[in-house]
Amino acid sequence: MLRRYRLLTPFLLAGCTPSGQTPPVAIVAPAAMVATPADRFGALFDAVQMRRIFPDGKTFVDAVPKRADVAIMADFRGRRFADDAALKAFVLANFDVPGLAPVPESVTGPQLPIARHIAELWPHLTRDPVTPPGGSSALAVADRYVVPGGRFRELYYWDSYFTMLGLVADRRQDLVESMVDGFTDLVERYGHVPNGTRSYYLSRSQPPFLYLMMGLSQNRDPVVLQRRLAALKREHAYFTSPERSVTLPDGAVLQHYWDARTSPRDESWREDVETAKASGRPAAEVYRDLRAGAESGWDFSSRWLVDGKTLATIDTTNVLPADLNSLLWGMERAIADSATKLGDRATASDFAGRAAKRGAAIERWLWSEGEGRYGDYDVRRARLRGGTTAATAYPLFVGLTTGPRAGRVAATIEAQLLAPGGLRSTTVDTGQQWDRPNGWAPLQWIAVAGLDRTGHKALADRIATRFLASVEREYAASGKLVEKYDVEEVKPGGGGEYPLQDGFGWTNGVTRALMVRGGR
């Protein structure tokens, strides 16, 4: 029997301060209990999101109230709104609503070489330390950082690693160091790095790349290294907690993505409500699986869908993913290595042992001998999910897999995922943004670095060359680097819950890193 662990006690929500405002730094309650805009504004929030007063569901959750929550809600309950225009007018009178910051003309346009364009974008995307105003959903950030761009106004977790690759290439080590410090601080305050620095992201994380970010740092101060080691151990405890863990028939334990809440995501409230209604399943179950899918970073993909095509069948928490468990193996190895350097033999031995067990479990449970790929294990059905995805490259990327299996993965990638414009995310077209025909900058880097690491440089070169050509083609056409690309038609990508974003942090970072890799 497979043994799955779950928390049985429902999560309670922290209230606001007596003034009705959320404190700037939420450290008085466990992260998942911090009140979000949905908790604070109840019926008003539901009306704004369900009636789509703003086209993007993220707009209202990023708005800052102009007065105390209790006063706004008392006024709201005492009024009748004849139409959506009246409700919108009420919101605009009571909240400062954000807009999208335009990219300065000085860094737009294909007249600039792409490397210079990216270098000049870094200051535009850089933010100073944040102390949020009272009532904001923003979390305090203690150090300077780089945002993705567009609607993504805050610091995001896994995006930042790929952004930092470009910062290294452009000799912006100052920002690399400040971002690593900022993420360490977030772990110390909340027990994990949130999905992003907003209250509504606190109940989940994203793929755990912190140990890899620390690997980009040049800081060798023993005091700083001890602090970072403690943060990694705390993050590891978060990702291996009972509610995220499944014991397999041979006693091995692997993890899945998770979110501590069972409500619609604040930023995608209407979309989640509609998905749950279409599912025929308990709404709370669907909401948690949607939230866990958001934690994966692949929101959304056929990887998480029971029927491989319909979002309403999502069951992310039932899946043991190749990428997450590979990253946890890498984290365990990094903790062991760091502890060795710092003279902590007990920790080094402990985590080396954990990594050995996880590595064996990945090779046993997440490998398909017949298909020559790594995949995601379906706990309920006791088998790998069908279909090759770009996650198959993760065991190569983290250094777990070498030799014959790496060669078989390379052959599978070449046969099934290589497209004219780079690497496909999956082999199926569902309309979801993390499926065919889209290719994403982080997945290009994972594959290229993993193939380089295992001696498959020729294939790595082909992926890198093709993806750079996609980026450069669109830059020549529009003067922009965008969030994702259609690597089959070699054009901007589509699908998902929001319009295509430009900016864009991880595309900028991976583009520069691939250019440097190619000697450009």
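With this note's numbering, the residue at position 376 of the sequence shown is 803, and numbering never jumps.
We put the CB at the ideal spot given by N, CA and C, even for glycine.
Note that the coordinates shown come from a computational prediction; the quantities given were computed from them, not determined experimentally.
Item                                                                                                      : Value
Backbone secondary structure at V524 - three-state DSSP                                                   : coil
S605 and Y572 closer than 8 angstroms at C-beta                                                           : yes
Residue range of the unbroken beta strand (DSSP E) whose run includes L681                                : V680 to Q682
Heavy atom of the ligand NAD within 7 angstroms of A512 beta-carbon                                       : Annotation note on the ligand NAD: not contained in the displayed structure, which lists no ligands.
Alpha carbon of R949 to alpha carbon of Q653, nearest angstrom                                            : This structure cannot settle anything about residue 949, because the visible part of the chain is limited to 428 through 947.
C-beta atoms of R835 and G799 nearer than 8 angstroms                                                     : yes
Helix, strand or coil at G877 [DSSP, three-state]                                                         : helix
Assigned secondary structure, P492 (DSSP; H/G/I helix, E/B strand, else coil)                             : strand
Buried versus exposed, by CB contacts within 10 Å (16 or more), R580                                      : buried
Segment contact flag, the region 679-689 with the region 469-480, C-beta cutoff 8 angstroms, min 3 pairs  : no
Option nearest L908 by Cα separation, candidates K884, A887, A885 and W933                                : W933
Of the listed residues G562, S587 and I873, nearest to W549 (C-alpha basis)                               : S587
Spatially closest choice to D523 from D511, L539, V497 and S563, by CA coordinates                        : S563
F894 versus R494 - alpha carbon distance                                                                  : 48 angstroms
Close Cβ partners of P451 (< 8 angstroms) along its chain, the five nearest in sequence each way excluded : Here the model assigns P451 a pLDDT of 33, short of 50, so the residue's position is not dependable and the matter cannot be decided.
Residue environment, R947, which counts as buried when at least 16 other CB atoms sit within 10 Å         : exposed
First through last residue of the beta strand (DSSP E) which encompasses T674                             : S672 to T674
At least 3 beta-carbon pairs within less than 8 angstroms: the region 837-851 vs the region 752-759       : no
First and last residue of the uninterrupted alpha helix (DSSP H) at P831                                  : G830 to T839
Option in R478, T938 and V943 with minimal Cα separation from E701                                        : R478
Distance between M500 and N935 (C-alpha atoms, nearest Å)                                                 : 42 angstroms
Given P847 as reference, the closest of R631, L732 and R863 once Cα atoms are compared                    : R863
Short Cβ contact (8 angstroms threshold) for T819 with A876                                               : no
Those residues which DSSP pairs with G866 across a bridge                                                 : Y912
7 angstroms CB neighbourhood of G618 in its chain, flanking five on each side removed                     : A458, R661 and Y665
Cutoff 6 angstroms; reference T412; Cβ partners in own chain excluding five residues on either side       : Examination of residue 412 is not possible in this model, given that the chain is present from 428 through 947 alone.
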